[in-house]
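Residue numbers (this note's numbering), protein chains in the order written: chain F, 1 to 409; chain C, 410 to 473. The next block holds one structure in the form of structure tokens; read it before the comments.
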């Protein structure tokens, strides 16, 4: 990505901005400059509009929890990620882009399975899934693509079990999810992928209604759809969201996290050698902070005039939260560009902040804790099977990661 | 220290339970429940951390 004359003429940085060559784990350098010099600044996005970019940790937390800031993507001034997002059918909206009370009504229908104790009860089956996949890798030929053989299957198997989606359908839902999270997908491609997934979930819900089992889709069907609290279409949209968010994000954290650890062998050794669940949990928080895979910014729109960082954001103006650089704010995390698995990192905003903070975070934490505490112990000689420079990063993804990760041992 | 939780504001992120499990729990829907509204001093750092990381700012702390 090169800056055009128009960018320079407007005097505003383009967002999203490119990362520096050779620094795939660090946010784009222009974000650091903004955070230092103009932490609340206008930027230019794909459609030529000029929303505000928030780059300091403290400001991100303050505004994401401010009732004068709306997540409703149908409002005028909302800074869409792409033409595909802008053009999406309002009927395809989920509670991610709604405000309370509608957001709270829908979110509370799906919070129960993500309570800490319920997710903790899944830990043995997550461990079993991880162990089985490692057994299969060790028994097969090498090198392997860690994304295909491990990083994608772990969260896909877990979310399928939780929701009650047959894992045999993983090629189908992984393929369509890839289209949805690719920033360069056309509006038609995204709409078609969303429709294919929603239609499938709709059929599945009909089936669960007739033959309920002990899974989350059955609970939605019998306790929410059958009672009229939710339409089947709303439940299908919810299922699509949970299925996509449940596998794509964690898969990227597993693969990108492994690559970051292979590049920081001292840190990898800490994980390989510890027996302490608290140390592992802390390491997961630090990897979430350091990698911040949701690198395309949280999007909002101001409902009233807001004074922040010496600027006035006017009602109706778009706001983007650059949580990747907020997680590298030296005022919140000393020596922020260093990966330090022993630092207290829990105040990171990798899962967002405010009422929209990630619903599935307890599950993501358990999955990542099991993966990071198992993979490198069971395969202590794990190493990259290609040149680091050859690894393809998801610069064009709404969620960051690597397309493939060839490894051997 | 007195601990109060605003249940209508809670978004069930579970962060408080992870930070201070002796003081916070969740009901069947994942909504915050305060187990001990006058927790022992040894837990105060964890309780402050829980209040700080609550994404909905639903935890209020008072001096007594």
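Positions of the beta carbon are idealized from the N, C-alpha and C atoms, including for glycine. Quick caveat, the model's predicted, so the values are computed rather than measured.
| Check | Outcome |
| --- | --- |
| Where residue 311/F sits in the DSSP three-state scheme | strand |
| Residue 321/F - partner residues in DSSP beta bridges | 54/F, 298/F |
| Collapsed DSSP secondary structure at residue 207/F in the structure displayed | helix |
| Check whether residue 293/F and residue 31/F have beta carbons under 8 angstroms apart | no |
| Extent of the continuous beta strand (DSSP E) to which residue 413/C belongs | 411-414 |
| Short CB-CB distance (under 8 angstroms) between residue 429/C and chain F | no |
| Meets three-Cβ-pair contact criterion under 8 angstroms: the stretch 347-354 of chain F and the stretch 367-376 of chain F | no |
| Contact set between the stretch 13-47 of chain F and chain C, restricted to residues whose Cβ is under 9 angstroms from the partner | none |
| Within chain F, partners of residue 438/C - CB distance below 7 angstroms | 108, 111, 112 |
| Any C-beta of chain C under 8 angstroms from that of residue 372/F | no |
| Neighbourhood of residue 339/F by C-beta, 6 angstroms cutoff - its chain only, sequence neighbours within 5 removed | 264, 267, 290 |
| Ranges of the alpha helix (DSSP H) found wholly within the stretch 165-208 of chain F, counting only runs of at least 4 | 170-181 |
| Where the beta strand (DSSP E) containing residue 408/F begins and where it ends | 406-408 |
| Proximity test, Cβ basis, 8 angstroms: residue 408/F and chain C | no |
| Stretch-stretch touch, CB-based, cutoff 8 angstroms, three pairs: the stretch 52-59 of chain F with the stretch 274-291 of chain F | no |
| Assigned exposure category for residue 138/F - 16 Cβ within 10 Å defines buried | exposed |
| Touch test, the stretch 90-100 of chain F against the stretch 117-124 of chain F, Cβ-Cβ under 8 angstroms, three pairs minimum | no |
| With 16 other Cβ atoms within 10 Å as the buried cut-off, status of residue 113/F | buried |
| Coil, strand or helix - residue 95/F by DSSP | helix |
| Alpha helix (DSSP H) segment containing residue 435/C, residue limits | Premise fails: residue 435/C lies in the beta strand (DSSP E), 433-435, not in any alpha helix (DSSP H). |
| Residue-chain proximity (residue 413/C, chain F), Cβ-Cβ < 8 angstroms | no |
| DSSP-derived helix/strand/coil call for residue 41/F | strand |
| Contact between the stretch 389-397 of chain F and the stretch 327-345 of chain F (3+ Cβ pairs under 8 angstroms) | no |
| Beta-carbon gap between residue 233/F and residue 202/F smaller than 8 angstroms | yes |
| Distance, residue 44/F Cα to residue 214/F Cα | 48 angstroms |
| Near-chain C residues of the stretch 63-77 of chain F - C-beta to any C-beta below 9 angstroms | 64, 65 |
| Within 8 angstroms, strictly: CB atoms of residue 177/F and residue 248/F | yes |
| Span of the alpha helix (DSSP H), counted from its first residue to its last, around residue 108/F | 102-108 |
| Contact set between residue 116/F and chain C, taken where Cβ atoms lie within less than 7 angstroms | 423, 426, 427, 435 |
| Nearest-angstrom Cα separation, counted from residue 396/F out to residue 184/F | 7 angstroms |
| Within 8 angstroms of chain F by C-beta, residues of the stretch 460-473 of chain C in sequence order | 461, 462, 464, 465, 466 |
| Residue range of the beta strand (DSSP E) that includes residue 469/C | 468-471 |
| C-alpha distance - residue 365/F paired with residue 281/F, whole-angstrom precision | 8 angstroms |
| Other residues of its chain near residue 73/F: CB distance less than 6 angstroms, five sequence neighbours each side excluded | 97 |
| Rounded C-alpha distance that separates residue 308/F from residue 348/F | 21 angstroms |
| Residue from 75/F, 36/F, 33/F, 29/F whose Cα sits closest to the Cα of residue 319/F | 75/F |
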